[in-house]
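To convert, take the position in the sequence shown, counting from 1, and add 175; that gives the working numbering.
Structure first, then comments.
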Amino acid sequence: MHSPCLPPAMEPAELVWRDGVPESTRFGDVYFSRDNGLAETRYVFIGHNQLPERFQQVPDASHFVIAETGFGTGLNFLAAWAEWLKQRSADDSAILHFVSVERFPLRRQDLEKALSYWPELTPLAAELIEQYPPLIKGTHRLVLAGGRVRLTLYFGDVLDAWKDLTFTADAWFLDGFAPSLNPDMWLDDAIGLITSHSKPGTTLATFTAVGRVRRSLAEAGFEIAKVPGFGRKREMLAGIYAPGNATKQEAKTGTVAIIGAGIAGTLLARNLAERGVQVLLLDKAPHTGSAASGNPQGALYVKLGVEYNAQTELSATALSFSQRFYRPWQNRFWHPTGLLQLATDDQEADRQRRFCDRNDYPADLLEPVDAIRASELAGIAVNTGGLWFPGSGWLEPAKACQQLAEHPLIETRFSYQVANLLPCNNQWCIRNHSGEDSRADAVVIAGGHESPALVPVGGQLRLKAIRGQVTELPEADFNLPQAVICGTKYVNPVHGGRAVTGATFDLKDSTRHPTRAGHQENLDELQRSLPSVVKGLLPDPDQLQGRVAFRCTTHDYQPVAGRMQDTEGNHLNDLYLLTGLGSKGLVWAPLLAEYLADVISGQPHCLPAPLSKRLETGRLYRT
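Written out as structure tokens, the structure is:
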């Protein structure tokens, strides 16, 4: 008997290995052919979807989408990835999107063992294994091969996946265990939903030739043929979606202007540029990261809800994605020291107890620790236990913004104070205070709490600025931790002789410079929650350095990313909003930039509909 997991954990696949081939104990079927699994994949899925020829025909800065009904060991995905690299030049910007579903995902060690049998795939398999997400329910986007390959991996039921995901497939890999052993995968409902993600000319291949599957596909609009199978399998099915003679014209993304060069704006600019999109990055300041993203240190931190609902799922997805995203930037602006979320008072201790009782997160994402283990991880004595996030750490946000904006397809214009946006000749005209105009095919407003003044529609947006003051702690005066520690405030490890702590949360204070009171608040809270950090007497607050920034937050404390709507719910053509990231911008920004780049470029969305709905701009208007 298989017992259900607490959320958000997924029940992993249970395997038995026979002659080096993994077999599912649940379904009693092998994951790939005992004869030659890679050769079968290339024959059934690569060959019968005509992928070598079709990959060559994909225009630069465009994309090709493969959808699959069972991820399994990832062998099909790796074979498609390898074929993509073989058929494409190394310097183009076209993207292979691979969308796959898995109800019982393999553990990382099982995945590694299964893929070790294909030495020709070793470099790709190693990257997949390194980026493999924690086994939690929901949608995971993996950006691979320097962005040339994107895997959208849905852990959950196939019907939920096809209802919630947004994509249009060019080719289908109908895989999964045999219909007689896993009938749910081959239900008419699942096959019917496949057509909703297809277009005229979408191809399909599957190893099975079962009659009811063939009939269901034919009834759904596919022209299906039986063709010779691989090895000992006599027949298989291949087909093409042909509901009529309609053709789909793929829209080309023109120049995208992004107003705001903080962490959100620069991440989106970089994301679009790496997809081959020309970007115009504008900011009223003389350089990137001048506002809330300008602090010398910032923690990669979220506070996950006790109940695993859509809000918590979005936070967990953002955390996991951001940890993978920043990995290539290690030792440039990303420092993965791990992060300790302490239970610094009775209320938080009770919240963490309830959190642990009601949830089951994999240890590679987070694990509860007692005070002894917490002290070992922090490198200083702490009085309480907490939650340890091994993949988190801290960033240098200002440096991140600067480096992210350095790309040949990103044109920057600083000291550019936008006065208004005007539609003109199917483009946007962006006028500054000097009367200078810039033009773009699409505009993204990423101006933090100043965004409402830039939106060219009526209606009050429920966005507000919250002052936050950080304090720099000289290394000589404090015992600083080796990992980030968060409680009601956070404190970072030392960097350049100092560590940042904070930040204050000042709802009604608009003072733009650091104050003695702000430094004192940060010091007092540090001494209360982490007394071992203080060596002796606290230094005079007037002798300390710090910085003030204004976070932008929404009425519901959830971020905003999507097409701009007016008060009637109508979308404004090619105008988007990206803001409201609050104090968790370093976590939110990578995922929201990926999502918004998907939307702008018409590529498969990295977020399912129930989560992307939470980001919509229309909710900002008062009803």
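Virtual Cβ for every residue (Gly too), placed ideally from N, Cα, C.
In this text, all values refer to a predicted model and were calculated from it rather than measured experimentally.
What residues in its chain sit with their C-beta under 8 Å from that of residue i, if we drop five residues either side in the sequence?
i: V666; result: L648, L655, P656, V659, I660, A674, V675, T676, L701, L705 and V708
i: T492; result: G313, T314, H315, L766, L782 and L786
i: R691; result: P716 and D717
i: H688; result: V723
i: K401; result: A384, R389, E410, M411 and L412
i: V557; result: L515, L517, A546, A549, S550, I660, L705 and S707
i: P668; result: H510, T512, W569, L655, P656, Q657, A658, V659 and A674
i: V544; result: L515, L552, G560, G561, L562 and W563
Can you list, in chain order, the residues of its chain whose CB lies under 6 Å from that of residue i, leaving out five sequence neighbours each side?
i: G331; result: K312
i: H223; result: A380 and A413
i: Y501; result: W509
i: T378; result: N224, A346 and I415
i: A236; result: S268 and G451
i: D535; result: C180, L181 and A184
i: G404; result: E410 and M411
i: N420; result: Because the pLDDT at N420 is just 49, under 50, the model does not fix this residue reliably, and the value given afterwards should be weighed accordingly. Contacts found: none.
i: L747; result: M739
Taking residue i as the reference, which of the options has the closest Cα?
i: K710; options: D539, L698 and Q472; result: L698
i: Y770; options: L281, V318 and R528; result: V318
i: S626; options: T587, G437 and G568; result: G437
i: D612; options: L455, P734, L712 and D731; result: L455
i: D684; options: G672, H670 and V723; result: V723
i: E394; options: A365, T646, R409 and T441; result: A365
i: F279; options: L629, L349 and F202; result: F202
i: N595; options: Q472, I605, T587 and Y536; result: I605
i: Q231; options: E258, R614 and P631; result: E258
i: K408; options: R282, F207 and I270; result: F207
i: G672; options: I620, F680 and F653; result: F653
i: W763; options: L494, F348 and N446; result: L494
i: V630; options: R229, L253 and D749; result: D749
i: S776; options: R738, N745, A784 and P511; result: R738
i: A466; options: Y218, R263 and G622; result: G622
i: C576; options: L443, E696 and L540; result: L443
i: A580; options: G396, A439 and H238; result: A439
i: T200; options: L712, D194, A188 and N211; result: A188
i: A242; options: W337, R209 and R533; result: W337
i: K574; options: R642, Q505 and V618; result: Q505
i: Q778; options: N251, H272, V205 and G249; result: H272
Per DSSP, residue i forms a beta bridge with which residues?
i: R389; result: None; R389 has no bridge partner.
i: E189; result: E189 pairs with nothing; no bridge assigned.
i: S465; result: BP columns for S465 are empty, so no partner.
i: K401; result: L412
i: W603; result: P598 and A615
i: D681; result: R642
i: T161; result: For residue 161 there is no data in the structure shown, the boundaries of the chain being 176 and 798.
i: E277; result: F330
i: P183; result: D535
i: D194; result: In DSSP, D194 forms no bridge with anything.
i: E586; result: L455
i: H372; result: Answer is none; H372 lacks a bridge partner.
i: Q740; result: H746
Locate the alpha helix (DSSP H) running through residue i, then write down its first and last residues.
i: T297; result: T297 to Q306
i: H694; result: R691 to S704
i: D229; result: The sequence given here places Arg at residue 229; Asp does not occur at that position. Looking at the DSSP string, the run of the alpha helix (DSSP H) that includes R229 is L226 to Q232.
i: P765; result: G760 to S776
i: L379; result: Note, L379: premise wrong, no alpha helix (DSSP H); beta strand (DSSP E) at T378 to T381.
May I ask which residues mark the beginning and end of the beta strand (DSSP E) holding residue i?
i: C781; result: Careful: C781 lies outside any beta strand (DSSP E) and carries neither H nor E.
i: I433; result: V431 to I434
i: I641; result: L638 to P649
i: G313; result: G313 to L319
i: G721; result: G721 to T729
i: L456; result: V454 to L457
i: G561; result: G561 to F564
i: L349; result: A346 to L349
i: I555; result: No beta strand (DSSP E) holds I555; DSSP gives it neither H nor E.
Can you list, in chain order, the residues of its chain with a C-beta nearer than 7 Å to that of residue i? Leave out the 5 residues immediately preceding and following it.
i: Y591; result: L457, D458, K459 and N607
i: L489; result: L786 and R789
i: L638; result: H624, S626, P627, C727, T729, T754, G755 and L795
i: R797; result: Q635 and R637
i: T663; result: T519, E700 and S704
i: L299; result: L253, W256 and A257
Exercise. Within the stretch 466–504, note down every full alpha helix (DSSP H) run reaching 4 residues or more, in order along the chain.
Key: 485–501
Quiz item: What are the start and end residues of each continuous alpha helix (DSSP H) run of 4 or more residues lying completely inside the stretch 508–549, in chain order?
Solution: 521–533
Practice problem: Please specify which runs of the beta strand (DSSP E), each continuous and at least 3 residues long, are wholly inside the stretch 212–274, giving them in chain order. | Solution: 238–243
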